[in-house]
Amino acid sequence: MRRLNIQALLRHALAVETFTAAEAMEATGLARATVLGLCDELIGAGWLEEIEDSRAAGLTTRGRPARRHRLRHDAGILVGVDAGRRGYTARAADLHGATLATAHREHDPDTVDRAQRIATVSALVDEVLAGSDAVGPPLLTVVGIPAPVDAHGVSPVDVSAFWHLMNPGFDEHLEGTVLVENDANLTALAELARHPEQNLAVLLVGERIGAGLVVDGKLLHGARGGAGEMRFLDAILQDDLGAEGVGSLARRWTLEELASGADSTALAAIPAEQLTAVDVFAAAAAGDEVARRVLDRIGERIARIAAILVSLLGIERIVVAGAVSDAIGPVLAHTSEVLTEISRAPFPEIVASTLGREVVVTGAIELALSRLRSAPLDVLRTSPGPAEGTDRAGSEPPTPAQTHPREDPAP
Numbered sequence: 001m002r003r004l005n006i007q008a009l010l011r012h013a014l015a016v017e018t019f020t021a022a023e024a025m026e027a028t029g030l031a032r033a034t035v036l037g038l039c040d041e042l043i044g045a046g047w048l049e050e051i052e053d054s055r056a057a058g059l060t061t062r063g064r065p066a067r068r069h070r071l072r073h074d075a076g077i078l079v080g081v082d083a084g085r086r087g088y089t090a091r092a093a094d095l096h097g098a099t100l101a102t103a104h105r106e107h108d109p110d111t112v113d114r115a116q117r118i119a120t121v122s123a124l125v126d127e128v129l130a131g132s133d134a135v136g137p138p139l140l141t142v143v144g145i146p147a148p149v150d151a152h153g154v155s156p157v158d159v160s161a162f163w164h165l166m167n168p169g170f171d172e173h174l175e176g177t178v179l180v181e182n183d184a185n186l187t188a189l190a191e192l193a194r195h196p197e198q199n200l201a202v203l204l205v206g207e208r209i210g211a212g213l214v215v216d217g218k219l220l221h222g223a224r225g226g227a228g229e230m231r232f233l234d235a236i237l238q239d240d241l242g243a244e245g246v247g248s249l250a251r252r253w254t255l256e257e258l259a260s261g262a263d264s265t266a267l268a269a270i271p272a273e274q275l276t277a278v279d280v281f282a283a284a285a286a287g288d289e290v291a292r293r294v295l296d297r298i299g300e301r302i303a304r305i306a307a308i309l310v311s312l313l314g315i316e317r318i319v320v321a322g323a324v325s326d327a328i329g330p331v332l333a334h335t336s337e338v339l340t341e342i343s344r345a346p347f348p349e350i351v352a353s354t355l356g357r358e359v360v361v362t363g364a365i366e367l368a369l370s371r372l373r374s375a376p377l378d379v380l381r382t383s384p385g386p387a388e389g390t391d392r393a394g395s396e397p398p399t400p401a402q403t404h405p406r407e408d409p410a411p
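Residue numbers (UniProt numbering): 1 to 411.
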């Protein structure tokens with residue numbers, strides 16, 4: 001019972017900036033004496049701190065001032081990582097999700113190996129921890145990767161060994177508790193945190209494509225974490241490009257157009273290895289016919305993917321996310337037009353994410369917060385140390401964290 005009471009009070013503390021005993025009583029159903037006793041205990045354990053009372057804070061002028069508490073700002077750090085094929089981003093956040101530090105690096109995806117991926121992510125985590133003045137390892141680190149991931153953080157074997165490369169065992173090499181999750185699933189969590197939906201698909205489009213799928217309010221994983229993998233498009237579209245994303249397709253189809261003799265001064269001036277989807281979309285907006293044809297092809301492809309998702313899963317909203325999301329509006333306008341021609345009502349809402357290239361790392365922090373809020377004592381495994389002037393004698397330390405099978409957070 002005591003553990004349940006502590007969990008309830010910590011959940012409330014995680015949900016608000018500050019609180020009084022009366023507010024905690026209303027939120028948790030605990031008695032006043034229990035709330036105040038637990039607050040004193042958690043202050044001694046180093047998780048809470050008492051701040052100026054309601055009168056000193058100017059919140060009340062009559063009666064006895066209420067004691068006010070909050071989580072200590074240095075109680076712990078959460079880290080989210082986007083370990084993409086080319087780009088790597090890490091973010092440190094406090095226990096309310098506020099960003100404390102970020103770091104980004106890029107590597108040539110054709111030369112990086114498993115050891116280099118581990119070293120890069122480890123260095124980024126160290127960098128954001130240093131930038132946030134953290135003491136000790138993060139309470140929880142969530143790493144997003146472009147590969148399916150099962151409930152134990154393991155990716156299935158694939159013929160190309162790409163998934164094996166993307167998932168080199170971060171959970172075995174980073175300090176603290178580590179969760180590894182598919183990057184497209186994390187984008188779905190990021191979008192759900194801002195726009196709760198019951199039936200949602202988030203397409204993470206970059207050099208590759210994957211989907212985070214939410215049906216009846218549940219994030220789908222499937223066997224071996226394979227829900228949302230797009231390799232089935234090879235069989236349906238029959239072009240062996242099923243796993244390629246908008247960035248790859250824009251470059252491929254533009255270079256094919258130029259090789260066939262199509263005239264595009266703007267696009268021909270860009271070295272092939274530097275050509276991006278954003279370049280193509282900008283050229284299309286400026287009236288370039290080659291770019292416009294490529295844009296239309298991409299829009300048609302997304303429309304076919306949307307039609308499949310709506311027909312199979314009853315998806316009502318599709319969000320296209322990733323680094324190109326800021327520029328993909330004209331593509332999605334064409335997608336919506338094509339969808340009315342190749343499918344039947346009801347049609348889904350198709351929009352671009354507003355989170356840009358930060359969407360995966362944002363989702364990683366959301367998953368960390370969800371785990372923390374659902375079971376605080378499992379994450380708060382060690383105390384940050386007693387607050388100044390307190391005595392921890394006789395207090396029970398927070399319960400050690402354990403690695404649990406995946407439990408999907410509620411949207």
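Just so you know, even glycine gets a beta-carbon here, dropped at the ideal spot from N, CA and C.
Quick caveat: nothing in here was measured; it's all calculated off a predicted structure.
Item, Value
"In this structure, how does DSSP classify Val-290 when only helix, strand and coil are distinguished?", "helix"
"Answer with buried or exposed for Leu-237, where buried requires no fewer than 16 other C-beta atoms within 10 angstroms of its C-beta.", "exposed"
"Look up Glu-49 in the DSSP assignment and say whether it is helix, strand or coil.", "strand"
"Leaving out five residues before and five after Leu-36 in sequence, what residues of the same chain have Cβ atoms less than 8 Å from its Cβ?", "Ala-21, Arg-67"
"Identify every run of the beta strand (DSSP E) within the segment 323-357, keeping only runs that are complete inside it and at least 3 residues long; order them along the chain.", "349-352"
"Considering only the alpha carbon of each residue, which of Ala-101, Leu-140, Ile-118, Phe-232 lies closest to Leu-309?", "Phe-232"
"Could you check what DSSP says for Asn-185 in three-state terms: helix, strand or coil?", "helix"
"For Gly-389, collect the residues of the same chain with a Cβ closer than 8 Å to its Cβ; drop the 5 residues on either side in sequence, then sort them by chain order.", "Unreliable placement is indicated for Gly-389, whose pLDDT of 45 sits below 50; the coordinate value is still reported in the next sentence. Same-chain partners within the cutoff: there are none."
"In whole angstroms, what is the alpha-carbon distance linking Gly-329 and Thr-141?", "33 Å"
"Out of curiosity, what's the CA-to-CA distance linking Arg-3 and Phe-19?", "20 Å"
"Please state if the CB of Leu-313 and the CB of Leu-213 are separated by a distance shorter than 8 Å.", "yes"
"Relative to the C-alpha of Gly-363, which candidate in Asp-279, Gly-46, Ala-92 has its C-alpha closest?", "Ala-92"
"How should Glu-349 be labelled, buried or exposed, when 16 other C-beta atoms within 10 angstroms of its C-beta is the threshold for buried?", "exposed"
"Can at least three beta-carbon pairs, one atom from the segment 172-192 and one from the segment 144-156, be found at a separation below 8 Å?", "yes"
"Candidates Ala-269, Asp-288, Gly-225, Ala-201: which alpha carbon is nearest Ala-352's?", "Ala-201"
"Roughly how many angstroms separate the alpha carbons of Gly-322 and Gly-29, rounded to a whole number?", "42 Å"
"Considering just the uninterrupted stretch of the beta strand (DSSP E) at Ala-235, what are its terminal residues?", "No beta strand (DSSP E) contains Ala-235, which is instead part of the alpha helix (DSSP H) from 233-237."
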